[in-house]
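Asks: Submitted below is the structure of interest, expressed as structure tokens.
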Amino acid sequence: MRRPRSTNEVALLTGKRKWKPTHGLIVTAAVYLLFVSVKLPHFLQMLGGDDDGSAFAKISLERDRFHRKLEDSFISQASPEKSDFDGPRPVLRPLQHRFGRITGEIMRRWRDGSEEDLSEIENMANEAWVLGTKAWEEMEGVDVEVARNVTVSVGLEEDGKREFCPLSMAMSDEDMQVVGKGGEQLMFLPCGLAAGSSITIVATPQHGHQEYMPQLQKMMPVVSSMVTISQFVLELQGLKAVDGEDPPRILHLNPRLKGDWSKMPVIELNTCYRMQWGSAQRCDGLSSKDDDDKVDGFNKCEKWIREDIVDSKESKTTSWLRRFIGRAKKPAMTWPFPFVEGRLFVLTVRAGVEGYHISIGGRHTISFPYRTGFTLEDATGLAIKGDVDIHSVYATSLPISHPSFSLQWVLDMSEKWKSQPLPKDPIDVFIGILSATNHFAERMAVRKTWMQSAAIKSSKAVARFFVALNPRKEVNALLKKEAEYFGDIVILPFMDRYELVILKTIAICEYGVHNMTSAYIMKCDDDTFVRVDTVLKEIHSISSKRSLYMGNLNLLHRPLRSGKWAVTYEEWPEEIYPPYANGPGYIISIDIARSIASQHANQSLKLFKMEDVSMGMWVEEFNASRTVQYSHNWKFCQYGCMEDYFTAHYQSPRQMICLWEKLARGRPQCCNFR
Numbered sequence: 001m002r003r004p005r006s007t008n009e010v011a012l013l014t015g016k017r018k019w020k021p022t023h024g025l026i027v028t029a030a031v032y033l034l035f036v037s038v039k040l041p042h043f044l045q046m047l048g049g050d051d052d053g054s055a056f057a058k059i060s061l062e063r064d065r066f067h068r069k070l071e072d073s074f075i076s077q078a079s080p081e082k083s084d085f086d087g088p089r090p091v092l093r094p095l096q097h098r099f100g101r102i103t104g105e106i107m108r109r110w111r112d113g114s115e116e117d118l119s120e121i122e123n124m125a126n127e128a129w130v131l132g133t134k135a136w137e138e139m140e141g142v143d144v145e146v147a148r149n150v151t152v153s154v155g156l157e158e159d160g161k162r163e164f165c166p167l168s169m170a171m172s173d174e175d176m177q178v179v180g181k182g183g184e185q186l187m188f189l190p191c192g193l194a195a196g197s198s199i200t201i202v203a204t205p206q207h208g209h210q211e212y213m214p215q216l217q218k219m220m221p222v223v224s225s226m227v228t229i230s231q232f233v234l235e236l237q238g239l240k241a242v243d244g245e246d247p248p249r250i251l252h253l254n255p256r257l258k259g260d261w262s263k264m265p266v267i268e269l270n271t272c273y274r275m276q277w278g279s280a281q282r283c284d285g286l287s288s289k290d291d292d293d294k295v296d297g298f299n300k301c302e303k304w305i306r307e308d309i310v311d312s313k314e315s316k317t318t319s320w321l322r323r324f325i326g327r328a329k330k331p332a333m334t335w336p337f338p339f340v341e342g343r344l345f346v347l348t349v350r351a352g353v354e355g356y357h358i359s360i361g362g363r364h365t366i367s368f369p370y371r372t373g374f375t376l377e378d379a380t381g382l383a384i385k386g387d388v389d390i391h392s393v394y395a396t397s398l399p400i401s402h403p404s405f406s407l408q409w410v411l412d413m414s415e416k417w418k419s420q421p422l423p424k425d426p427i428d429v430f431i432g433i434l435s436a437t438n439h440f441a442e443r444m445a446v447r448k449t450w451m452q453s454a455a456i457k458s459s460k461a462v463a464r465f466f467v468a469l470n471p472r473k474e475v476n477a478l479l480k481k482e483a484e485y486f487g488d489i490v491i492l493p494f495m496d497r498y499e500l501v502i503l504k505t506i507a508i509c510e511y512g513v514h515n516m517t518s519a520y521i522m523k524c525d526d527d528t529f530v531r532v533d534t535v536l537k538e539i540h541s542i543s544s545k546r547s548l549y550m551g552n553l554n555l556l557h558r559p560l561r562s563g564k565w566a567v568t569y570e571e572w573p574e575e576i577y578p579p580y581a582n583g584p585g586y587i588i589s590i591d592i593a594r595s596i597a598s599q600h601a602n603q604s605l606k607l608f609k610m611e612d613v614s615m616g617m618w619v620e621e622f623n624a625s626r627t628v629q630y631s632h633n634w635k636f637c638q639y640g641c642m643e644d645y646f647t648a649h650y651q652s653p654r655q656m657i658c659l660w661e662k663l664a665r666g667r668p669q670c671c672n673f674r
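In UniProt numbering, the protein residues as written are 1 to 674.
Structure representation (structure tokens):
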């Protein structure tokens, strides 16, 4: 008897095979491999760059096409003609914000009573121009010899005499100045601090209160988003350089009785230089390690009693052995957390040789080493805010003079630091340096360091400072005197504001286009150290036939819609920024600068309050008509310094000197910071 044929045998005889799910996977894989074989070379070509431009340029062009599709869809949505799109149209946010045009003509029309609506940045610029015109006129009438005797930090009394530097100060809660919505209380220290100075605060922490923390609800839905918080902040602050910029935090002391993420009481210390925070030092009740660096012989963190740690008792054998060999047991002194809700405390901050020492209740608790970028004289204000009731504040052993802020001390009026006149021959790069009126020390440090580089001395490169005006006419008069002597400052006749840095960038482009023949323009800040010769070498490594945008580039960054740096949809309607280089140091070719100057002249230049993003926006628009080479390198450092850097950011005057001395020995190494 013949056996029945199997299904596979029947399929073979009839020419039919049963379809299996694995067959679908094989077909899908084959299609994918075919797609990769066709598209992969093109993708690799984009990443590697070719004659038509770099990967950044191609990605930018793709984004342009995508944006055009959105705009076309929005136009067809508003058009009465029938559209090919039959389904429900997507709701697109209209471009509500009209980007501004800042020119002298539009300001004159505004002052003449024009009814044209101006954007927020235009109104701000208009006010700055009006105040700047008045400040310029006042500056002309100030006696420079009188102004020269004024220190940057100390104001003038009504009779024109310089304020004295008190040896000690005492204030009650009622005497301290209250500023801001948060009720920050201030004590002005006119001459800063000196080694041996101390500040004592007598206060009482408030009882904890409930605060709503929505981020907790997002992370852990089952956990209540209400948190009990009791904390306060004590800060030694410096002077803010520009209106709209936060003052530097030379010492930030933040005791947290309740509300820290660790759910334990902690004390955190930090510094903030040019609105950038350093790495925090946290003291949580554990003593610093024996091998940890000490500060003037003191531990950075002393030990206090913690509920989650129980000291292991010494065993009987170890105790008997210690007594047998005659080794005395050291007494262990452990104190509780020094702050208690509703209980008075006495806290003293003393300036030592290597750092600040904080004692609470007469016991040393924390030592915080000085961080590069600040001096003791910079601490011209004590600020206290948060859940604390202040009773009194005492400052003793204060300096009776303030030489480091005196212009005779900061400015070195020597012929060798003067800049050469603008060359008539073509140069490789023009460097525009953003600065502020009272940044005398920063400008002097730049003059003594990288402005002495071979490229600048041989006129291959030219550097100039761009500075707007200050509310104090004495400071403006000193700035004018400084500009006349050194010949390296371009004074911009508007009142300086942090939000108007974009106007300085436009001024750099216009100055470079109209006053010299330069192949490239570089923008940097006065706390940026530039290895000019190395930057020129990097520029020359790229074909001069291409338009260039070089720096530490950011790709697909999104605007922050909440918080301190929030950007509204009216200010920036799109969800991502164009590719842009970080502001502390970037380079553009002269054709891009000409385009910016030309659009500014005909009142068509789009403005945005973030300067570096604005430049990225302008370059992207230029890239639509002429391909731009986007050149990215991490060595244009955004945060501090890295080994073998091209530019180093957030460098104090002392660090500038240190970096220059290292370069003189052939070592492009960083100096200690934070």
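Quick reminder that beta carbons are idealized off the backbone N, C-alpha and C, glycines included.
Quick one: is Y520 buried, meaning 16 or more other Cβ sit within 10 Å of its Cβ, or exposed?
Replies: Numbered from its first residue, the sequence shown carries residue 520 at position 520. Result: buried.
Asks: Taking only runs that begin and end inside the stretch 446-473, name each unbroken beta strand (DSSP E) of 3 or more residues, in chain order.
Replies: Here the runs fully enclosed are 461-469.
Asks: Tell me, please, whether the stretch 507-525 touches the stretch 577-587 by the rule of three or more beta-carbon pairs shorter than 8 angstroms.
Replies: As far as the Cβ criterion goes, the stretch 507-525 touches the stretch 577-587, which means the pair count is three or higher.
Asks: If I'm right that S225 touches D387 with Cβ under 8 angstroms, what's the distance once you round it to whole angstroms?
Replies: The sequence position of residue 225 within the sequence shown is 225, counting from 1. The sequence position of residue 387 within the sequence shown is 387, counting from 1. Not a contact, Cβ separation roughly 19 angstroms.
Asks: Where I419 and F486 are concerned, what is the direct C-alpha to C-alpha distance, given to the nearest angstrom?
Replies: In the sequence shown, residue 419 corresponds to position 419, counting from 1. In the sequence shown, residue 486 corresponds to position 486, counting from 1. The question names Ile, but residue 419 in the sequence shown is Ser. Answer to the nearest angstrom: the Cα atoms are 6 angstroms apart.
Asks: Measuring straight from C-alpha to C-alpha, what distance separates A507 and F466?
Replies: As a position in the sequence shown, residue 507 is number 507, starting the count at 1. As a position in the sequence shown, residue 466 is number 466, starting the count at 1. Roughly 8 angstroms between the two C-alpha positions.
Asks: Just verifying my parser: in three-state terms, what is the DSSP assignment at I384?
Replies: Position 384 of the sequence shown, counted from the start, is the residue given in the question as residue 384. Three-state DSSP puts I384 in a strand.
Asks: Can you tell me the Cα-Cα spacing of G278 and Q655, whole angstroms?
Replies: Counting from one through the sequence shown, the residue named residue 278 turns up at place 278. Counting from one through the sequence shown, the residue named residue 655 turns up at place 655. Rounded to whole angstroms, G278 to Q655 spans 16 angstroms at the Cα level.
Asks: Mapping the DSSP letters down to three states, classify P426 as helix, strand or coil.
Replies: Position 426 of the sequence shown, counting from 1, holds the residue named residue 426. Reduced to three states, the DSSP call for P426 is coil.
Asks: Measure the C-alpha to C-alpha separation of L555 and L500 and round it to an integer number of angstroms.
Replies: Sequence index remark: in the sequence shown, residue 555 carries index 555 (1-based). Sequence index remark: in the sequence shown, residue 500 carries index 500 (1-based). L555 and L500: Cα-Cα distance of roughly 24 angstroms.
Asks: Taking the alpha carbon of T437 as the reference point, which residue from Q452, A445 and K473 has its own alpha carbon closest?
Replies: Working through the sequence shown from its first residue, we reach residue 437 at position 437. Out of Q452, A445 and K473, K473 has the C-alpha closest to the C-alpha of T437.
Asks: Give me the DSSP bridge partner(s) of R665.
Replies: Numbered from 1 along the sequence shown, position 665 holds the residue referred to as residue 665. Partner(s): none; R665 has no beta bridge.
Asks: How about the stretch 295-304 and the stretch 343-357: do they share at least three Cβ pairs that are nearer than 8 angstroms?
Replies: These segments touch.
Asks: Just the Cα atoms here: how many angstroms apart are residue 681 and F430?
Replies: Residue 681 cannot be examined here, being either before or after the span of the chain that is shown, 1 to 674.
Asks: Run the CB neighbour count on Y630, radius 10 Å, all protein chains shown included, and call it buried at 16 or more, exposed below.
Replies: In the sequence shown, residue 630 corresponds to position 630, counting from 1. Y630 is buried by the Cβ-count criterion.
Asks: I need the boundaries of the alpha helix (DSSP H) containing G182, first residue and last residue.
Replies: For this step, residue 182 is matched to residue 182 along the sequence shown. Element bounds for G182: n/a, residue is neither H nor E.
Asks: If we call anything under 8 angstroms between Cβ atoms a contact, is L398 one with L167?
Replies: Here the question's residue 398 lines up with position 398 in the sequence shown. Here the question's residue 167 lines up with position 167 in the sequence shown. Cβ distance < 8 angstroms, so L398 and L167 count as in contact.
Asks: Reducing DSSP to helix, strand and coil, say where Q599 ends up.
Replies: Here residue 599 corresponds to residue number 599 of the sequence shown, with the count starting at 1. If DSSP states are grouped into helix, strand and coil, Q599 belongs with the helices.
Asks: Quick check: what's the CA-CA separation for T380 versus Q599?
Replies: Numbered from 1 along the sequence shown, position 380 holds the residue referred to as residue 380. Numbered from 1 along the sequence shown, position 599 holds the residue referred to as residue 599. Distance between the alpha carbons of T380 and Q599: 43 angstroms.
Asks: Please return the same chain residues whose Cβ sits closer than 6 angstroms to the Cβ of A648, not counting the five positions on each side in sequence.
Replies: Walking along the sequence shown from the start, residue 648 turns up at place 648. Taken in chain order, the residues that qualify are F529, C637 and C641.
Asks: Among the residues of its own chain, which have a CB less than 8 angstroms from the CB of R626, if the five just before and after it don't count?
Replies: Taking the sequence shown and counting its residues from 1, the one referred to as residue 626 is at position 626. Hits under 8 angstroms: S547 and D591.
Asks: So, helix, strand or coil for S660, using DSSP?
Replies: Reading the sequence shown from its first residue, position 660 is the one you call residue 660. One point to set straight first is that residue 660 is Trp, not Ser, in the sequence displayed. Three-state DSSP puts W660 in a helix.
Asks: Check whether the Cβ atoms of C509 and I596 lie closer than 8 angstroms to each other.
Replies: In the sequence shown, counting from the first residue as 1, residue 509 sits at position 509. In the sequence shown, counting from the first residue as 1, residue 596 sits at position 596. Against a cut-off of 8 angstroms, the Cβ pair of I596 and C509 comes out as a contact.
Asks: With distances taken Cα to Cα, identify the nearest neighbour of Q185 among T375, V227 and V393.
Replies: On the sequence shown, residue 185 is found 185 positions in, with the first residue counted as 1. The option with the nearest alpha carbon to Q185 is V393.
Asks: Look at the Cβ atom of W634, then the Cβ atom of N552, and state whether they are nearer than 8 angstroms.
Replies: The residue given as residue 634 occupies position 634 in the sequence shown. The residue given as residue 552 occupies position 552 in the sequence shown. Yes, Cβ-Cβ distance for W634 and N552 is below 8 angstroms.
Asks: Determine, using beta carbons only, whether F622 and S614 come nearer to each other than 8 angstroms.
Replies: Counting from one through the sequence shown, the residue named residue 622 turns up at place 622. Counting from one through the sequence shown, the residue named residue 614 turns up at place 614. The answer is no: Cβ separation not under 8 angstroms.
Asks: Can you give me the C-alpha to C-alpha distance between M451 and H364, rounded to a whole angstrom?
Replies: Position 451 of the sequence shown, counting from 1, holds the residue named residue 451. Position 364 of the sequence shown, counting from 1, holds the residue named residue 364. About 45 angstroms.
Asks: Output needed for R350: all residues of its chain with C-beta closer than 6 angstroms, excluding positions within five of it in sequence on either side, in chain order.
Replies: Against the sequence shown, residue 350 aligns to sequence position 350. Correct list, in chain order: S198 and H357.
Asks: Can you check whether the CB of F345 is closer than 8 angstroms to the CB of P338?
Replies: In the sequence shown, residue 338 corresponds to position 338, counting from 1. In the sequence shown, residue 345 corresponds to position 345, counting from 1. Going by C-beta atoms, P338 is nearer than 8 angstroms to F345.
Asks: So, are the CB atoms of S454 and F494 less than 8 angstroms apart?
Replies: Translated into positions along the sequence shown, residue 454 becomes position 454. Translated into positions along the sequence shown, residue 494 becomes position 494. In the sequence on display, residue 454 carries Ala and not Ser. No, they are not a contact pair.
Asks: Please classify I121 as buried or exposed, where buried requires at least 16 other C-beta atoms within 10 Å of its C-beta.
Replies: Looking up residue 121 in the sequence shown gives position 121. Its Cβ being crowded by 16 or more others within 10 Å, I121 is buried.
Asks: Assuming R558 and I576 are in contact, meaning their beta carbons sit under 8 angstroms apart, how far apart are those beta carbons, in whole angstroms?
Replies: Translated into the one-based positions of the sequence shown, residue 558 becomes position 558. Translated into the one-based positions of the sequence shown, residue 576 becomes position 576. Correct: roughly 6 angstroms between the Cβ atoms.
Asks: Determine the contact status of L376 and A195, defining contact as a CB-CB distance below 8 angstroms.
Replies: As a working note, residue 376 is residue 376 in the sequence shown. As a working note, residue 195 is residue 195 in the sequence shown. A contact, by the Cβ cut-off of 8 angstroms.
Asks: Is C524 a contact residue of the ligand HEM, with contact defined as CB to any heavy atom under 7 angstroms?
Replies: Within the structure as shown, the ligand HEM is missing, as the structure has no ligands at all.
Asks: Going straight from the alpha carbon of P205 to that of R343, what length do you get?
Replies: Taking the sequence shown and counting its residues from 1, the one referred to as residue 205 is at position 205. Taking the sequence shown and counting its residues from 1, the one referred to as residue 343 is at position 343. Rounded to the nearest angstrom, the two C-alpha atoms are 7 angstroms apart.
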